[in-house]
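Chains R and Z are the protein sequences, given in the same order. Residues 32 to 180 (the working numbering) are what the first sequence spells out, left to right. Residues 25 to 395 (the working numbering) are what the second sequence spells out, left to right. We put the CB at the ideal spot given by N, CA and C, even for glycine. Keep in mind that this is a model prediction, so the values were computed, not measured. First the structure, in the form of structure tokens, and then the observations on it.
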Amino acid sequence: MKMSAEYIEAQKNMQPGVISSVGFLGDDKRDLVQIIDEDEQIMSQLGLDFEKVAVWMKKLLDLAVKGLGETVLVDDKWEVNVYEARGFIPCPFKDGIFRKRVIHVKNTHNKTEIDLSELSIHLFEKHHFLQGKGSPFRIDPHMLKKVLE
Amino acid sequence: MSAVLITTLIVSLISALLAAVITVTDSFVNNYGTVKILINKRKILQAKGGSPLLFTLASQGIFVPSACGGRGSCGVCKVKILTDVGPYLPTELPYISKEQMKEGIRLSCQIKVKKDLEIEIPEELLFAKKFKATVEKIRDVTYDIKELTLKLVDPQVIDFRAGQYVQLSVPPYDKIKEITQRAYSISSVPSQKDRIELLIRLVPGGAATTYVHYYMKQNEQIEFTGPFGEFYVRETDAMMICVAGGSGMAPIKSIIFDLYEKGITDREIWYFFGARSLRDLFYLDLFKELEQKWSNFHFIPALSNPLAEENWDGEVGLITDVLNRYLKERIEPSKPKEGYLCGSPGMINACIQVMKNNGISEEKIYYDKFA
Numbered sequence: 032m033k034m035s036a037e038y039i040e041a042q043k044n045m046q047p048g049v050i051s052s053v054g055f056l057g058d059d060k061r062d063l064v065q066i067i068d069e070d071e072q073i074m075s076q077l078g079l080d081f082e083k084v085a086v087w088m089k090k091l092l093d094l095a096v097k098g099l100g101e102t103v104l105v106d107d108k109w110e111v112n113v114y115e116a117r118g119f120i121p122c123p124f125k126d127g128i129f130r131k132r133v134i135h136v137k138n139t140h141n142k143t144e145i146d147l148s149e150l151s152i153h154l155f156e157k158h159h160f161l162q163g164k165g166s167p168f169r170i171d172p173h174m175l176k177k178v179l180e
Numbered sequence: 025m026s027a028v029l030i031t032t033l034i035v036s037l038i039s040a041l042l043a044a045v046i047t048v049t050d051s052f053v054n055n056y057g058t059v060k061i062l063i064n065k066r067k068i069l070q071a072k073g074g075s076p077l078l079f080t081l082a083s084q085g086i087f088v089p090s091a092c093g094g095r096g097s098c099g100v101c102k103v104k105i106l107t108d109v110g111p112y113l114p115t116e117l118p119y120i121s122k123e124q125m126k127e128g129i130r131l132s133c134q135i136k137v138k139k140d141l142e143i144e145i146p147e148e149l150l151f152a153k154k155f156k157a158t159v160e161k162i163r164d165v166t167y168d169i170k171e172l173t174l175k176l177v178d179p180q181v182i183d184f185r186a187g188q189y190v191q192l193s194v195p196p197y198d199k200i201k202e203i204t205q206r207a208y209s210i211s212s213v214p215s216q217k218d219r220i221e222l223l224i225r226l227v228p229g230g231a232a233t234t235y236v237h238y239y240m241k242q243n244e245q246i247e248f249t250g251p252f253g254e255f256y257v258r259e260t261d262a263m264m265i266c267v268a269g270g271s272g273m274a275p276i277k278s279i280i281f282d283l284y285e286k287g288i289t290d291r292e293i294w295y296f297f298g299a300r301s302l303r304d305l306f307y308l309d310l311f312k313e314l315e316q317k318w319s320n321f322h323f324i325p326a327l328s329n330p331l332a333e334e335n336w337d338g339e340v341g342l343i344t345d346v347l348n349r350y351l352k353e354r355i356e357p358s359k360p361k362e363g364y365l366c367g368s369p370g371m372i373n374a375c376i377q378v379m380k381n382n383g384i385s386e387e388k389i390y391y392d393k394f395a
């Protein structure tokens, strides 16, 4: 995959201070396409399917929101909490705006945890972008695998 | 080698020349001079043109709330512009509904002030100020909520209505290179004019809450703007049904203690506070004590999932279920009621539905939705 004009613009929008204070790339020195390509490979090696995992993420988000801010136990396995802040945040690819809503997911069996924002779920599902290493909302595929186990 | 140096020098000179030409041209082309801004048909400001409206207003001491600091990413800084300022920008469109377009609502951070303007803003914004304060105390009220006390330095006093919020400016820290602004409701009472209290719940990955929980130190200087918001008590005799969870406690605490201080104790108040287990509950003793002193005040904490070892003997269930049960079985149905809610959009929407199902009309339900 090449750094098309769309990706170049998205990468600019991902810098700290453009859309969010901290940005989406963390300390990662790779370009956007490299991050996506390499994470797609890791996801594939781990046997994780973007579409199926996104369905699981959205189910957790939906149930957490229905929990009205309290911890919800999903499938006797995952404890999920939702946190919400005022306002919205746009996707750096400019294909939508999202509530500032974060879910904290804890696998109660193996005690692994991950944070997913409404925007990070969208970036994962639609753009296969898991965010740069060091970004607070990076969805690390290895951690994701453990949380899913 | 010398050819490389000469080429580099020539390229640098040309770049410098071009930059100078652009700067000079910009000062002529983008010089809009002084512009007038008429606000709410009565207040006129004069300011230098060329900057976004949000910053132009701030430079004149009028602070429109913004959750992203003017980056056009939160959609909070909406104002009504009565003057034609051109078509909507692509950066505004995701945040503006069709109805808002008809009214001339724009994102003030995206509109450059190039000519005289007429705008409308909520009246309260004319009274909001920028405050310098000292962090007097940071106290854990639960494992993930901190109570922050800010002692005002300049100005030294604040006037606000119980229920309103301020925008805290968090300084750059760690990897965050610029100021982050976030809104927090005031939990203290308006009579305490020289300091304010805020309740701040840690949000995973949250820029401002991470700072408050892990970086903020006692005695450090901090800035905030405010007060903002239209969440306050309506002066009626109606029974007040208040519902909150987590840091949604803040404005409700301010409202209830303000009423008590003012001696407005003939009004009946029911306060439902939802939490998962005992470790998520706080100010329990404070409200129980108030209940002893104020016969018309009823505090109903409810746990959705109390632990066995906690020996909880209070209400159990989601706060909406407990609210529904009380409205049906315990609270006098014939008395007029008003709803006061603070929390996430999901919680507020669910509570509105319960209240409507129990005969409280939607226009009598007031809320501070984190959205």
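Original post:
Per the contact definition of three or more C-beta pairs closer than 8 Å, is the region 352 to 370 of chain Z in contact with the region 272 to 285 of chain Z?
Top reply: Segments in contact, yes.
**OP:** Determine, using beta carbons only, whether tyrosine 295 of chain Z and alanine 186 of chain Z come nearer to each other than 8 Å.
**Re:** Cβ atoms of tyrosine 295 of chain Z and alanine 186 of chain Z: not closer than 8 Å.
Original post:
Pick from Z:Pro114, Z:Ser215 and Z:Gln188: whose alpha carbon is nearest that of tyrosine 254 of chain Z?
Top reply: Rather than tyrosine, the amino acid found at residue 254 of chain Z in this sequence is glutamate. If you compare the alpha carbons of Z:Pro114, Z:Ser215 and Z:Gln188 with that of glutamate 254 of chain Z, the shortest gap goes to Z:Gln188.
Original post:
Beta-carbon of serine 368 of chain Z versus every beta-carbon of chain R: anything under 8 Å?
Top reply: Cβ-Cβ to chain R under 8 Å: yes for serine 368 of chain Z.
**OP:** Determine the closest residue to aspartate 59 of chain R out of R:Glu69, R:Glu180 and R:Leu99, with distance taken between C-alpha atoms.
**Re:** When each option's Cα is compared against that of aspartate 59 of chain R, the closest is R:Glu69.
Original post:
Does the distance from the C-beta atom of valine 177 of chain Z to that of isoleucine 220 of chain Z stay below 8 Å?
Top reply: Taking 8 Å as the Cβ cut-off, valine 177 of chain Z and isoleucine 220 of chain Z do not qualify as a contacting pair.
**OP:** Mind checking who glutamate 17 of chain R pairs with in its DSSP beta bridge?
**Re:** In the structure as shown, chain R starts at 32 and stops at 180, and residue 17 of chain R therefore has no counterpart that could be examined.
Original post:
What residue range is occupied by the uninterrupted alpha helix (DSSP H) comprising aspartate 68 of chain R?
Top reply: For aspartate 68 of chain R, the enclosing alpha helix (DSSP H) has its first and last residue at 63 to 76.
**OP:** Measure the alpha-carbon distance for phenylalanine 160 of chain R versus glutamate 82 of chain R and round it to whole angstroms.
**Re:** Looking at the two C-alpha atoms, the distance is approximately 13 Å.
Original post:
Which residues in the same chain as leucine 141 of chain Z place their Cβ atom closer than 6 Å to its Cβ, once the five residues preceding and following it in sequence are excluded?
Top reply: Scanning its chain for C-beta atoms nearer than 6 Å, with the 5 sequence neighbours on each side dropped, one finds around leucine 141 of chain Z the residues Ile61 and Thr107, in chain order.
Original post:
Closer than 8 Å, CB to CB, is tyrosine 391 of chain Z near chain R or not?
Top reply: Interface with chain R (8 Å Cβ-Cβ cutoff): tyrosine 391 of chain Z is excluded.
Original post:
Between proline 111 of chain Z and leucine 117 of chain Z, what straight-line distance do the alpha-carbon atoms span, to the nearest angstrom?
Top reply: Rounded to the nearest angstrom, the two C-alpha atoms are 10 Å apart.
**OP:** Below 7 Å CB to CB, which residues in the same chain sit around glutamate 110 of chain R once its five sequence neighbours on both sides are set aside?
**Re:** Spatial neighbours of glutamate 110 of chain R in its own chain (CB-CB distance under 7 Å, excluding positions within 5 residues in sequence) are listed in chain order as Thr102, Leu104, Lys137 and Thr139.
Original post:
Whose C-alpha, out of Z:Lys199, Z:Ala207 and Z:Asp309, is nearest the C-alpha of proline 251 of chain Z?
Top reply: Proline 251 of chain Z has its Cα closest to that of Z:Ala207, out of Z:Lys199, Z:Ala207 and Z:Asp309.
Subject >> Reduced DSSP secondary structure (H/G/I, E/B, other) of alanine 395 of chain Z >> reply: Unreliable positioning characterises alanine 395 of chain Z in this predicted model, as indicated by a pLDDT of 45, which lies under 50. A coordinate reading is not provided.
**OP:** Assign glutamine 39 of chain Z to one of two classes, buried (16 or more other C-beta atoms within 10 Å of its C-beta) or exposed (fewer than that).
**Re:** Rather than glutamine, the amino acid found at residue 39 of chain Z in this sequence is serine. Label assigned to serine 39 of chain Z: exposed.
Subject >> Where aspartate 294 of chain Z sits in the DSSP three-state scheme >> reply: Checking the displayed sequence, the identity of residue 294 of chain Z turns out to be tryptophan instead of aspartate. Looking at tryptophan 294 of chain Z - three-state DSSP - the assignment turns out to be strand.
Original post:
On the three-pair Cβ rule with 8 Å, is the region 199 to 215 of chain Z touching the region 42 to 57 of chain R?
Top reply: Counting C-beta pairs closer than 8 Å gives three or more between the region 199 to 215 of chain Z and the region 42 to 57 of chain R, which meets the contact rule.
Subject >> Under 8 Å from the C-beta of cysteine 133 of chain Z: neighbouring residues of chain R >> reply: Within 8 Å Cβ-Cβ: nothing; cysteine 133 of chain Z doesn't reach chain R, min ~12 Å.
Original post:
In the structure shown, what three-state DSSP assignment does arginine 349 of chain Z receive?
Top reply: When DSSP states are grouped into helix, strand and coil, arginine 349 of chain Z belongs to the helix group.
Subject >> From R:Val64, R:Leu94 and R:Glu149, residue whose alpha carbon lies closest to that of glycine 163 of chain R >> reply: Cα-wise, what sits closest to glycine 163 of chain R is R:Val64.
Subject >> Same chain only: Cβ atoms within 7 Å of asparagine 243 of chain Z, ignoring 5 sequence neighbours per side >> reply: Taken in chain order, the residues that qualify are Thr158 and Val159.
**OP:** Return the residues of the region 195 to 210 of chain Z that lie within a Cβ-Cβ distance of less than 9 Å from chain R, sorted by chain order.
**Re:** Taking 9 Å as the Cβ-Cβ cut-off against chain R, the residues of the region 195 to 210 of chain Z that qualify are Pro196, Asp198, Lys199, Ile200, Lys201, Glu202, Ile203, Thr204, Arg206 and Ala207.
Original post:
Going by C-alpha distance, which of R:Glu40, R:Asp80, R:Phe155 and R:Ile39 is nearest phenylalanine 168 of chain R?
Top reply: Cα-wise, what sits closest to phenylalanine 168 of chain R is R:Phe155.
Original post:
Residue range of the alpha helix (DSSP H) that glycine 370 of chain Z falls in?
Top reply: Unbroken alpha helix (DSSP H) run through glycine 370 of chain Z: 369 to 381.
Subject >> Closest Cα partner of valine 181 of chain Z within the set Z:Gly229, Z:Gly338, Z:Thr31 and Z:Lys153 >> reply: Distances from the alpha-carbon of valine 181 of chain Z to those of Z:Gly229, Z:Gly338, Z:Thr31 and Z:Lys153 put Z:Lys153 closest.
Original post:
What in chain R is Cβ-close to serine 328 of chain Z, meaning under 7 Å?
Top reply: Neighbours of serine 328 of chain Z in chain R, taken as residues whose beta carbon is under 7 Å from its own, are Glu101 in chain order.
Subject >> Opposing strand residues paired with lysine 154 of chain Z [DSSP bridges] >> reply: Lysine 154 of chain Z is bridged to Z:Thr249.
Original post:
Relative to the ligand SAM, is the shortest distance from any of its heavy atoms to the C-beta of alanine 299 of chain Z smaller than 7 Å?
Top reply: As for the ligand SAM, it is missing from this structure, which has no ligand bound.
Original post:
By how many angstroms is the C-alpha of lysine 161 of chain Z removed from the C-alpha of threonine 173 of chain Z?
Top reply: Each residue's alpha carbon lies about 5 Å from the other.
Subject >> Simplified DSSP state of aspartate 304 of chain Z, which is helix, strand or coil >> reply: Aspartate 304 of chain Z sits in a helix when the DSSP states are folded into three classes.
**OP:** Using a Cβ cut-off of 8 Å (strictly closer), state whether alanine 395 of chain Z contacts chain R.
**Re:** Its pLDDT being 45, under 50, alanine 395 of chain Z is placed unreliably by the model, and the measurement read from it follows with that caveat. Alanine 395 of chain Z counts as touching chain R.
Subject >> glycine 118 of chain R vs glycine 99 of chain Z beta-carbon contact at 8 Å >> reply: Against a cut-off of 8 Å, the Cβ pair of glycine 99 of chain Z and glycine 118 of chain R comes out as a contact.
Original post:
Taking C-alpha atoms, which residue in Z:Ser319, Z:Val267 and Z:Arg303 lies nearest to valine 165 of chain Z?
Top reply: When only C-alpha atoms are compared, the closest one is Z:Arg303.
Subject >> Assigned exposure category for proline 196 of chain Z - 16 Cβ within 10 Å defines buried >> reply: Flag for proline 196 of chain Z reads exposed.
Original post:
What span of residues does the beta strand (DSSP E) with serine 35 of chain R cover, start to end?
Top reply: DSSP places serine 35 of chain R in no beta strand (DSSP E); its state is neither H nor E.
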